[in-house]
Each structure stands twice: as structure tokens, then as C-alpha cells.
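Peer 1: Quick one: the structure is below, questions incoming.
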Amino acid sequence: MIHFDNTYLRDLPGTYLRQAPDVAPAPALVVLNESLAAELGLQIDDPVGWFSGAVVPQGAEPAALAYAGHQFGGYSPTLGDGRAHLLGEFLGPDGRRWDLQLKGSGRTPFSRGGDGKAALGPMLREYLISEAMAALGIPTTRSLAVVTTGETVLREAGQLPGAVVARVAASHIRVGTFQYFAKRGEMDKLRTLLDYTIARHYPGVDGALGLFDAVAAAQARLIAQWMGVGFIHGVMNTDNMALSGETIDYGPCAFMEGYAPGTVFSSIDRQGRYAYANQPLILGWNLARLAEALLPFFDADAEKAVDLANARLDGIAALYRTEWVAVMRGKLGLLGEDAGDGALADDFLEAIQGVDWTLAFRRLSGAVADETAFLALFGDAGLVTAWLPRWRARLRGDAAAAMRAVNPAVVPRNHLVEAALDAATAGDLQPFHALLAQIQNPFGAEAGREAFTLPAPTGFGRYVTYCGT
0 MIHFDNTYLR DLPGTYLRQA PDVAPAPALV VLNESLAAEL GLQIDDPVGW FSGAVVPQGA
60 EPAALAYAGH QFGGYSPTLG DGRAHLLGEF LGPDGRRWDL QLKGSGRTPF SRGGDGKAAL
120 GPMLREYLIS EAMAALGIPT TRSLAVVTTG ETVLREAGQL PGAVVARVAA SHIRVGTFQY
180 FAKRGEMDKL RTLLDYTIAR HYPGVDGALG LFDAVAAAQA RLIAQWMGVG FIHGVMNTDN
240 MALSGETIDY GPCAFMEGYA PGTVFSSIDR QGRYAYANQP LILGWNLARL AEALLPFFDA
300 DAEKAVDLAN ARLDGIAALY RTEWVAVMRG KLGLLGEDAG DGALADDFLE AIQGVDWTLA
360 FRRLSGAVAD ETAFLALFGD AGLVTAWLPR WRARLRGDAA AAMRAVNPAV VPRNHLVEAA
420 LDAATAGDLQ PFHALLAQIQ NPFGAEAGRE AFTLPAPTGF GRYVTYCGT
């Protein structure tokens, strides 16, 4: 039994449309996150029925949430949950409130011509990558289960098994949720949403300015953490930025291997808008859109409100830089703070262009004692050889152990993810479970699992990801 509450529906009329999920004709459980269920104090009586849409749990009130958003820079006034259903909310053992949502569970009034369905591969990708992010200590939505529906869905690859992922999130309130009401001029609903978001996520902050500052800080920290592990979200639209500060919506995401700032994986990002190095810039762009939506609540004087917004937006780059340098201090094993740490990190990145991101940092920890394995990554080690003495002069204490604790040996390598998803689609879940077990232990020793720590083989080619719809 899950004891559902539904404050979003109760407190925010006009922000959703009630809609039951489609009833899956022949559902079957693929994977259940039993450890997450235990952590959240959930008793899952009917995982197949509940998480396929075939059975609405007692107390749940399914609904599709309304929101707008800038998608690749272009504004869409009505997006909303086109293939997702919020079942309701529950409280964890620590009193924290969580959403439980089904994704891939059928058409809603926001489907915009889509079928509302999802294929098994993309739903398992969300499960894998969100579990990897959680194990890496990066704020994220979590996957509670994946269930096949017994239907097939038509995608570019042909007829594929349909599936639903059950997702747990601190909430599904997005920048696009605020845009939806601001653009419509529905100030009463926007004020109610503002108050609700503060109460749910940042109790104690002072009004719209306080909320904006809290969200900016959380998002700057989050994107810095993404950058630290080489994660590329792939579709940082404003409807994919959660005010809770969690990573949300794992569509065409992937982890960078060879370090190249312009890396893009998404098939639909033809201009590189959401390339690896652009993610901090899009952070600022998305926050500017949030500021526009909140502007009437910054100050009653419109000119003063604009000045307050601009002052904050002007500080986003410095805010992000502070968070990024903090992440890089950890990755480089630098204890305390030094004015030159940012430059030291910048120069390291310049030196590792083209080198595998994950291996470079992991092997650097070994270079505290022996540089051999680290330098073997480089064809031309001139820049990094000149950098190493500067780094050594800055080290304090047991830097190697500290670095191994934050630099993963295992991330979801793209070739392994694709192999696992292809096998699962064909009915073999063994590669999926093998990869899942490894990514849930990202910082452990490499010995005995070398196949999960190395980049894709030479013949793997350029990696392209798809949004799954």
C-alpha cells in the first residue's frame, strides 16, 4: 500500500487535467528498484498493475500536468505531460514529499498528435542513467520500475515493445510550469504556484526573489556536477529544468568519452545548442526565462523589478564558476581553497583534449604515486607533463584516496548502454542487469571489471542518441 496525498491537485487548480493512464493489455515486470522502494518506505503490492497503468492504486488521482517551455530556443505555449501521468504524492520515512509518475502510459490532452507511448529501450535508458546519477551523488529523479505493456510502438527503428517507467521525483515543477501561467497572464495561478513551490522545496526563503536565488544556486551546483562527470543532458529545454534542482527527463543523454567541449550526442541538436560546453550557458539562459516569469513578483515597480532580475542574472556566471571550481577541486584532490585553483583546473582541461574524460581523472589519482598509467593515455603528453609539477605543489594529505572517492571508475559507457538496451529489446536482460550492478558501484576498484571501465572499441563509431518519442 502507498499512502497517497495529492497536494498539487488540491492546491493548484488549473495546473493539470485529470487523465487516467491507458490500460496495458498484457503487462509484465521488467525491473523493480527494490532498494529504492525500501529507502522510501514503499510497500509495492501490485507492481505490474500499478506501474503499467492497468490498475490505479487506491488513493491515486492520475493527472497530466500543464506546462509550457522554450524548446531549442523556440517558445511552445502548451506542452504538458503528453505521455505521462502523475499518480500522486507520498511521504518518505524522513517526511520528504515525493511524486510518483508513470511515463509512457498513454495519450493525454497534451499529446499534440503523439501516441503517448514509450518503447522499452528508452525507458530502460532512463532507469540506467538515473540510477548511475544517484550513485554518483548527483541530484536526480529516480526510476522505481519498468514494465512492458504487451503492446508494440512504432518508432524509426520499427515496431518495438512498449513500456512504462515509474518515476519518483521531489516534484515535477519546471521552469516551463511558471512560463505557462506567466505567458497567459494568469497572475493568481502564478502566485499560488510560487507560494506552493516555496513551501514544498525551499521553505523559509523570502518570496519570488528568494525562490529565484535558491533555484539558481541549486541549478548552478547541479550543472557543475554534470560537467564534472562528463554528463550531457542533450535537451536542456526550459520544460526540462526542475525547480527542485534534480536532473529530470533522460532522453538523448549520454556521457562524454574523449574530452571535446563541443560534444553533442542528440540527433535533434543539429546546431550544438546543448553541447557539453554550452550547458553552463544554457543554465543562465533558462534562469533568465524563469526570471521573466517571476518578474511581476520581484517588485511592484516594473523598472525596479527588471533591475533586480538583471543584477541576479549578471551574477549567474560567477555563481556557476564557484560551483564548478569546487567540483574540480575535489576531482583534482585539492584540499582547502587557493586563488589559483580555477586556473589549475582550466589548464588541466586544456591538456587533456581528446583524452577519455573518466579515465583521465581516475588515473590522475594514481599519478600521485606513479605517473605511468596516467601518461599512457596521451599521444603527446607535453602539456600535461608541464602541468603535473604545478598540481603536485598544490596537493595536501592523502589526495589519491580523496580523488578515488569522487572520480568514478565506472560510468554508463555508451557502447555498453546500447548493447544492454538492444539485448533487452530482444528479450535478454542479462547485459542490462550486469551493467546496472556496475554503475551502482561507480567508485569501486577497477580490478575484475575492466570491461566496464574502458572506452568504446575503435569500431563503435560516432554515437547518436534519440529522444525516444
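Numbering (numbering that gives the first Met the number 0), first residue to last: 0 to 468.
Glycine residues also receive a C-beta, built at the ideal position from the N, C-alpha and C atoms.
#1: Considering only their Cβ atoms, is the gap separating phenylalanine 347 from arginine 362 smaller than 8 Å?
#2: Buried or exposed, going by whether 16 or more other CB atoms sit within 10 Å of the CB of threonine 371?
#3: If you follow the alpha helix (DSSP H) that glutamine 218 is in, where does it begin and where does it stop?
#4: State buried or exposed for histidine 69, treating a residue as buried only when at least 16 other CB atoms are found within 10 Å of its CB.
#5: How about tyrosine 258 and glycine 365: are their beta carbons less than 8 Å apart?
#6: Considering only the alpha carbon of each residue, which of Glu125, Leu333, Ser104 and Gly261 lies closest to glutamate 150?
#7: Name the DSSP beta bridge partners of isoleucine 231, please?
#8: My guess is that glycine 443 and alanine 408 are in contact by the Cβ rule of under 8 Å, so how many angstroms apart are they, rounded?
#9: On the three-state DSSP scale, how would you describe proline 108?
#10: By alpha-carbon positions, which one of Arg199, Ala216 and Arg272 ends up nearest to serine 170?
#11: Give the secondary structure of leucine 428 by DSSP, where H, G and I count as helix, E and B as strand, and everything else as coil.
#12: Just the Cα atoms here: how many angstroms apart are asparagine 236 and proline 92?
#13: Opposite glutamate 88 in the DSSP bridges: which residues?
#14: Are the CB atoms of threonine 6 and threonine 139 within a distance shorter than 8 Å?
#15: Mind checking if tryptophan 97 is an interface residue toward chain B, Cβ cutoff 8 Å exclusive?
#16: Tell me which residues share the same chain as glutamine 57 and place their Cβ nearer than 6 Å to its Cβ, disregarding the 5 neighbours each side in the sequence.
#17: Could you spell out the range, first to last residue, of the alpha helix (DSSP H) harbouring arginine 183?
#18: Expressed to the nearest angstrom, what Euclidean distance is found between the alpha-carbon atoms of glutamine 218 and asparagine 239?
#19: Taking the C-alpha atoms as reference points, what is the distance between cysteine 165 and methionine 122?
#20: Between which two residues does the alpha helix (DSSP H) carrying leucine 358 extend?
#21: Residues in its own chain within less than 8 Å of glycine 339 by CB, not counting five upstream and five downstream?
#22: Give the secondary structure of alanine 419 by DSSP, where H, G and I count as helix, E and B as strand, and everything else as coil.
#23: Use the C-beta contact count for asparagine 309: other C-beta atoms within 10 angstroms, 16 or more gives buried, fewer gives exposed.
#24: Quick one: grab the DSSP three-state call for alanine 310.
#25: At which residues does the alpha helix (DSSP H) containing proline 279 begin and terminate?
#26: Give me the Cα-Cα distance between proline 411 and arginine 173, rounded to the nearest whole angstrom.
#27: Check whether the stretch 205-224 touches the stretch 99-115, taking contact to mean three or more Cβ pairs, one atom from each stretch, closer than 8 Å.
#28: For tryptophan 49, I'd like the list of residues in its chain whose CB is within less than 6 Å of its CB, leaving aside the five on either flank, ordered along the chain.
#29: Based on the DSSP secondary-structure assignment, which residues constitute the bridge partners of alanine 144?
#30: I think glutamine 437 touches phenylalanine 459, with their Cβ atoms under 8 Å apart; what is that distance to the nearest whole Å?
#31: Per DSSP, what are the beta-bridge partners of histidine 69 in this structure?
#32: Put serine 51 into one of helix, strand or coil per three-state DSSP.
#33: Cβ of leucine 343 within 8 Å of Cβ of leucine 334?
#34: Alpha carbon to alpha carbon, what distance is there between leucine 16 and tyrosine 66?
#35: Put leucine 153 into one of helix, strand or coil per three-state DSSP.
Peer 2: In short, the structure shows the following:
#1: Working through the sequence shown from its first residue, we reach residue 362 at position 363. Working through the sequence shown from its first residue, we reach residue 347 at position 348. Contact: no.
#2: Walking along the sequence shown from the start, residue 371 turns up at place 372. With fewer than 16 other Cβ atoms within 10 Å, it is exposed.
#3: Here residue 218 is taken as the residue at index 219 of the sequence shown, counted from 1. Its alpha helix (DSSP H) spans residues 206-228.
#4: Reading the sequence shown from its first residue, position 70 is the one you call residue 69. Histidine 69 comes out buried.
#5: Counted from its first residue, the sequence shown places residue 258 at position 259. Counted from its first residue, the sequence shown places residue 365 at position 366. No, these two residues do not count as a Cβ contact at 8 Å.
#6: As a first step, residue 150 is located in the sequence shown; it is residue number 151 there, counting from the start. Comparing Cα-Cα distances from glutamate 150 to each of Glu125, Leu333, Ser104 and Gly261, the minimum goes to Ser104.
#7: For this step, residue 231 is matched to residue 232 along the sequence shown. DSSP output for isoleucine 231 lists Ala253 as bridge partner(s).
#8: By 1-based counting over the sequence shown, the position of residue 443 is 444. By 1-based counting over the sequence shown, the position of residue 408 is 409. So it is a contact: roughly 6 Å between Cβ atoms.
#9: Residue numbering aside, residue 108 sits at position 109 when the sequence shown is read from its first letter. In this structure, proline 108 counts as coil in the three-state DSSP scheme.
#10: Here residue 170 corresponds to residue number 171 of the sequence shown, with the count starting at 1. When only C-alpha atoms are compared, the closest one is Arg199.
#11: Residue numbering aside, residue 428 sits at position 429 when the sequence shown is read from its first letter. DSSP places leucine 428 in coil when its eight states are reduced to three.
#12: Looking up residue 236 in the sequence shown gives position 237. Looking up residue 92 in the sequence shown gives position 93. C-alpha separation (whole angstroms): 33 Å.
#13: Counting from one through the sequence shown, the residue named residue 88 turns up at place 89. DSSP, once it has assigned bridges, lists Asp4 and Asp98 as partnering glutamate 88.
#14: Numbered from 1 along the sequence shown, position 140 holds the residue referred to as residue 139. Numbered from 1 along the sequence shown, position 7 holds the residue referred to as residue 6. Their beta carbons are not under 8 Å apart, which means threonine 139 does not touch threonine 6 by this criterion.
#15: Although the question refers to chain B, the structure presented lacks it and comprises just one protein chain.
#16: Within the sequence shown, the letter at position 58 stands for residue 57. Excluding residues within five positions, none has a Cβ falling inside 6 Å.
#17: As a position in the sequence shown, residue 183 is number 184, starting the count at 1. Run containing arginine 183: 174-183, per the alpha helix (DSSP H) assignment.
#18: Looking up residue 218 in the sequence shown gives position 219. Looking up residue 239 in the sequence shown gives position 240. Roughly 12 Å separates the two Cα atoms.
#19: Residue numbering aside, residue 165 sits at position 166 when the sequence shown is read from its first letter. Residue numbering aside, residue 122 sits at position 123 when the sequence shown is read from its first letter. Note on residue identity: the sequence assigns alanine, not cysteine, to residue 165. Rounded to the nearest angstrom, the two C-alpha atoms are 9 Å apart.
#20: On the sequence shown, position 359 is the one that residue 358 refers to. 356-365 is the extent of the alpha helix (DSSP H) around leucine 358.
#21: Within the sequence shown, residue 339 is the residue found at index 340, counting from 1. The residues are Arg393.
#22: Along the sequence shown, read from residue 1 onward, the residue named residue 419 stands at position 420. Looking at alanine 419 - three-state DSSP - the assignment turns out to be helix.
#23: Position 310 of the sequence shown, counting from 1, holds the residue named residue 309. Burial call: exposed.
#24: As a position in the sequence shown, residue 310 is number 311, starting the count at 1. Helix at alanine 310.
#25: The sequence position of residue 279 within the sequence shown is 280, counting from 1. First-last of the alpha helix (DSSP H) with proline 279: 278-297.
#26: On the sequence shown, residue 411 is found 412 positions in, with the first residue counted as 1. On the sequence shown, residue 173 is found 174 positions in, with the first residue counted as 1. Their backbone Cα atoms lie some 26 Å apart in a straight line.
#27: no
#28: Along the sequence shown, one-based indexing puts residue 49 at 50. Result list for tryptophan 49: Pro56, in chain order.
#29: The residue you call residue 144 lines up with position 145 of the sequence shown. According to DSSP, which records beta bridges pairwise, alanine 144 is partnered with Leu31 and Ala165.
#30: Indexing the sequence shown from 1 puts residue 437 at position 438. Indexing the sequence shown from 1 puts residue 459 at position 460. That belief does not hold up - the Cβ atoms of glutamine 437 and phenylalanine 459 are roughly 18 Å apart, past 8 Å.
#31: Translated into positions along the sequence shown, residue 69 becomes position 70. DSSP lists Tyr74 as partners of histidine 69.
#32: Within the sequence shown, the letter at position 52 stands for residue 51. Reduced to three states, the DSSP call for serine 51 is helix.
#33: Against the sequence shown, residue 343 aligns to sequence position 344. Against the sequence shown, residue 334 aligns to sequence position 335. Not closer than 8 Å, so no.
#34: Within the sequence shown, numbered from 1, the residue matching residue 66 stands at position 67. Within the sequence shown, numbered from 1, the residue matching residue 16 stands at position 17. Cα to Cα, tyrosine 66 sits roughly 11 Å from leucine 16.
#35: Here residue 153 refers to the residue found at position 154 when the sequence shown is read from its first residue. Reduced to three states, the DSSP call for leucine 153 is strand.
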